[in-house]
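Under UniProt numbering, residue 195 is the last one in the sequence shown; the count climbs by one each step, no gaps.
Positions of the beta carbon are idealized from the N, C-alpha and C atoms, including for glycine.
Note that the structure is predicted; figures quoted are calculated from it, not measured.
Notes follow once the structure below has been shown.
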Amino acid sequence: MSRSWPVTLESGRVGVRPLRRRDATAWARLRADSAAWLTPWEATLPPEGGRPATSYVAMASIMLRRARRGDAMPFVVTWDGRMVGQVTVNGITWGSARSASIGYWIGRGHAGQGIIPTAVALVCDHLFLTAGIHRIDIAVRPENDPSLAVVRKLGFDDVGLARRYLHIDGRWCDHRLFQLVREDVGTTVLARLTD
Numbered sequence: 001m002s003r004s005w006p007v008t009l010e011s012g013r014v015g016v017r018p019l020r021r022r023d024a025t026a027w028a029r030l031r032a033d034s035a036a037w038l039t040p041w042e043a044t045l046p047p048e049g050g051r052p053a054t055s056y057v058a059m060a061s062i063m064l065r066r067a068r069r070g071d072a073m074p075f076v077v078t079w080d081g082r083m084v085g086q087v088t089v090n091g092i093t094w095g096s097a098r099s100a101s102i103g104y105w106i107g108r109g110h111a112g113q114g115i116i117p118t119a120v121a122l123v124c125d126h127l128f129l130t131a132g133i134h135r136i137d138i139a140v141r142p143e144n145d146p147s148l149a150v151v152r153k154l155g156f157d158d159v160g161l162a163r164r165y166l167h168i169d170g171r172w173c174d175h176r177l178f179q180l181v182r183e184d185v186g187t188t189v190l191a192r193l194t195d
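Encoded structure:
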């Protein structure tokens, strides 16, 4: 473990904390309640990609193992201390790149309340200011208007269309790629939400 993981971050009623194995029941309930809302945007493994984790505990174990290696940071998003979504930092690359990718989702019942922009901003600030990441990438399906609103609100730069970028809901889908580099942020990403 390093000084950048595990960590809990908060701003008002929104928080992010490390994913835990004991979150299984809350995670399953939230995912079941939001299945139709999330399925069109969910990454899936292509047939040649092997078998996906078959349970929450298996998925959490894989993510936490990657976090211990410094390759990922799986966060639960909370609202008043209750799980409402997830922000996951993946593909952490050190050396001369010092980059990472962020993915996120929120349960349908909490969408549109500014929770995810705040959670993503908290994680970005942590990556830039504590972990020492230089560039953060987010990939968004061009038709995912709520997710596009998040990256635009946070000031991510649109760097172009990546054709058939991720396997989503059983097929390869185009994504718009967005990035934010430390030098372009100013004080904090979180401050961009109040500007």
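Classification of residue i by the beta-carbon crowding that lies within 10 angstroms, buried from 16 upward
{"i": "G186", "result": "exposed"}
{"i": "G107", "result": "buried"}
{"i": "A121", "result": "buried"}
{"i": "V57", "result": "exposed"}
For residue i, the three-state DSSP class (helix, strand or coil)
{"i": "I102", "result": "strand"}
{"i": "T88", "result": "strand"}
{"i": "W94", "result": "coil"}
{"i": "A111", "result": "coil"}
{"i": "E42", "result": "coil"}
{"i": "H126", "result": "helix"}
{"i": "I116", "result": "helix"}
{"i": "V140", "result": "strand"}
{"i": "I168", "result": "strand"}
{"i": "M1", "result": "Its pLDDT being 47, under 50, M1 is placed unreliably in this model, and the value from its coordinates should be taken loosely. Note: M1 maps to coil in three-state DSSP."}
Alpha helix (DSSP H) segment containing residue i, residue limits
{"i": "S55", "result": "Segment: none, S55 is in no alpha helix (DSSP H) and carries neither H nor E."}
{"i": "P146", "result": "145-153"}
{"i": "W27", "result": "24-33"}
{"i": "R192", "result": "189-192"}
When the options are compared against residue i, the one with the closest alpha-carbon
{"i": "S99", "options": "T118, L127, R31, V87", "result": "L127"}
{"i": "G15", "options": "T118, R141, D174", "result": "T118"}
{"i": "S4", "options": "G109, L177, C124", "result": "C124"}
{"i": "R176", "options": "F156, M83, L9, R31", "result": "F156"}
{"i": "G114", "options": "W27, I136, V77, N90", "result": "V77"}
Endpoints, beta strand (DSSP E) assigned at residue i
{"i": "T78", "result": "73-79"}
{"i": "G15", "result": "14-18"}
{"i": "E10", "result": "9-11"}
Within 8 Å, strictly: CB atoms of residue i and residue j
{"i": "V159", "j": "L148", "result": "no"}
{"i": "T88", "j": "D169", "result": "no"}
{"i": "R13", "j": "W105", "result": "no"}
{"i": "I138", "j": "I102", "result": "yes"}
{"i": "R192", "j": "D174", "result": "no"}
{"i": "S55", "j": "L190", "result": "no"}
{"i": "D184", "j": "G109", "result": "no"}
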